[in-house]
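Participant: Just dropping this structure here.
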Amino acid sequence: MSLLKIKRERSTNFIDGELQLLVDLVASQKHILENKKTDAVTANLKNKTWEALANKFNCKSLNGYRSPKCLKLKYENLKKNVKIKLRDVKSKPCVTGGGPPIPLKALSKLSPMEEQLRSLNPLAFSGKVSEFDSDRIEDQNTYSHEMLVQDYEKTDSNVSN
1 MSLLKIKRER STNFIDGELQ LLVDLVASQK HILENKKTDA VTANLKNKTW EALANKFNCK
61 SLNGYRSPKC LKLKYENLKK NVKIKLRDVK SKPCVTGGGP PIPLKALSKL SPMEEQLRSL
121 NPLAFSGKVS EFDSDRIEDQ NTYSHEMLVQ DYEKTDSNVS N
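Okay, structure coming up:
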């Protein structure tokens, strides 16, 4: 007996207003949805929160029904796309292999909605910087005057010894 594959019915594409609504609703519940705990109680709470969020979303949206699973998947994809954009902004100017460097203006900037998404969980969107990497670029704002003086004193004392 052969099983027939049931074709998945596609829903309509998200429009910009729906994306903003989704990000706003998630922002109101970020303390639950962005919680890193994975125990049964937290997972159950997250599922109930996604269901409540889907109900609010469907009440305000005019573009059709969206399931909690669909909204969660869309939110995860939005976060993934923001991470890709941030990675490209960070890595594209430093490419090797010849040719002219890519101007920063050519790299895509984050939209206000993507900036809001980034602000929900800033640690998830910031890459870890290795203090042992010799070719990392120091941020001028984090390298204070006192640190410069300390480095100068260390090198000066090493030279005199």
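Reminder that position 41 of the sequence shown reads as 41 in the UniProt record's numbering, one-by-one numbering, no gaps. C-beta: ideal position from N, C-alpha, C; glycine also. Just so we're clear, the structure is a prediction, and the values are computed from it rather than from any experiment.
For the pair the segment 28–37 and the segment 115–124, tell me if three or more CB-CB distances fall below 8 Å.
Facilitator: yes
Participant: Considering only the beta carbon of each residue, do Leu74 and Trp50 sit closer than 8 Å?
Facilitator: Leu is not the amino acid found at residue 74; the sequence shown has Lys there. Against a cut-off of 8 Å, the Cβ pair of Trp50 and Lys74 comes out as no contact.
Participant: Would you grab the beta carbon distance between Gln20 and Met113 for me? Rounded to a whole angstrom, and I think it's under 8 Å.
Facilitator: Contact flag correct, Cβ pair sits at about 5 Å.
Participant: I'd like to know whether the C-beta atoms of Ser61 and Glu18 end up nearer to each other than 8 Å.
Facilitator: yes
Participant: Could you check what DSSP says for Gly64 in three-state terms: helix, strand or coil?
Facilitator: In this structure, DSSP gives Gly64 a state outside helix and strand, which the three-state scheme calls coil.
Participant: Mind checking whether Leu117 and Val23 have CB atoms under 8 Å apart?
Facilitator: yes
Participant: What whole-angstrom Cβ distance do Ala54 and Ser67 have, given they're in contact under 8 Å?
Facilitator: Confirmed, Cβ separation roughly 6 Å.
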